[in-house]
Amino acid sequence: DNLPYYHAKIAGSFAEDSPMAEWSRLWTAEEGQHSIAIRNYLLASRNCDPAQLEDERLATVTKGWSYGAPCPIEIFAYTSAQELATRISHRNAGVKADCPVAHEVMTRVAVDENHHFMFYRGVTTAML
């Protein structure tokens, strides 16, 4: 749930009206949807303690996140790796789930993460 920090780092690297800023806003919206879908599944299926989930989310967000990348290419290289790792993690979580709904949620999120990975990998490659 460090999405606000990720968004600020990426969006802050480009002019507000640039295509990259537009992409950043779309990416942020999609990542937010992932969090909502996974959280809703966990709560509806009673697979977690709602208070603990929220306490841990707040702890993560209030702790903050800082990635001191001095240039945009490092931001995109980091984000490429992060999107790939997230895709693999979500796909594997879905495969291991004993619930078809969890499998479907995680599969859909993993597909989106793969699209994000391909985009960021393409940007990184173009910048090299």
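So in the numbering used here, spot 14 of the sequence shown is number 18, and the numbers just go up one at a time. Positions of the beta carbon are idealized from the N, C-alpha and C atoms, including for glycine. The model shown is predicted, which means the values in this text are computed figures rather than measured ones.
Which whole-angstrom value is the C-beta distance of residue i and residue j, which I expect to be below 8 Å?
{"i": "Ser28", "j": "Ile79", "result": "So it is not a contact: roughly 11 Å between Cβ atoms."}
{"i": "Arg43", "j": "Leu62", "result": "Going by Cβ atoms, the distance from Arg43 to Leu62 rounds to 13 Å, so no, they are not a contact pair."}
{"i": "Tyr45", "j": "Val109", "result": "5 Å"}
Among the options, which has the Cα closest to the Cα of residue i?
{"i": "Ala25", "options": "Gly126, His11, Asp53", "result": "His11"}
{"i": "Ile92", "options": "Asp102, Asn44, Cys75, Val113", "result": "Val113"}
{"i": "Val155", "options": "Leu132, Leu7, Gly126", "result": "Outside the displayed range of the chain (5 to 132) lies residue 155, so it cannot be described from this structure."}
{"i": "Arg50", "options": "Cys103, Val115, Leu132", "result": "Cys103"}
{"i": "Glu87", "options": "Ala15, Arg125, Lys13, Met131", "result": "Arg125"}
{"i": "Gly68", "options": "Lys13, Leu132, Leu47, Ala130", "result": "Lys13"}
{"i": "Ala33", "options": "Ala130, Leu132, Met122, Glu117", "result": "Glu117"}
{"i": "Met131", "options": "Ala19, Pro76, Gly36, Asp59", "result": "Pro76"}
{"i": "Val115", "options": "Ala101, Ala15, His38, Ala19", "result": "His38"}
{"i": "Met122", "options": "Asn96, Ala19, Ala48, Thr83", "result": "Thr83"}
{"i": "Ala106", "options": "Ala85, Ser22, Ala48, Asp53", "result": "Ala48"}
Can the beta-carbon of residue i be found closer than 8 Å to that of residue j?
{"i": "Trp31", "j": "His94", "result": "no"}
{"i": "Thr128", "j": "Ala81", "result": "yes"}
Let's test the definition: count the other Cβ atoms within 10 Å of the Cβ of residue i and tell me whether it reaches 16, buried, or not, exposed.
{"i": "Ser70", "result": "exposed"}
{"i": "Glu20", "result": "exposed"}
{"i": "Glu60", "result": "exposed"}
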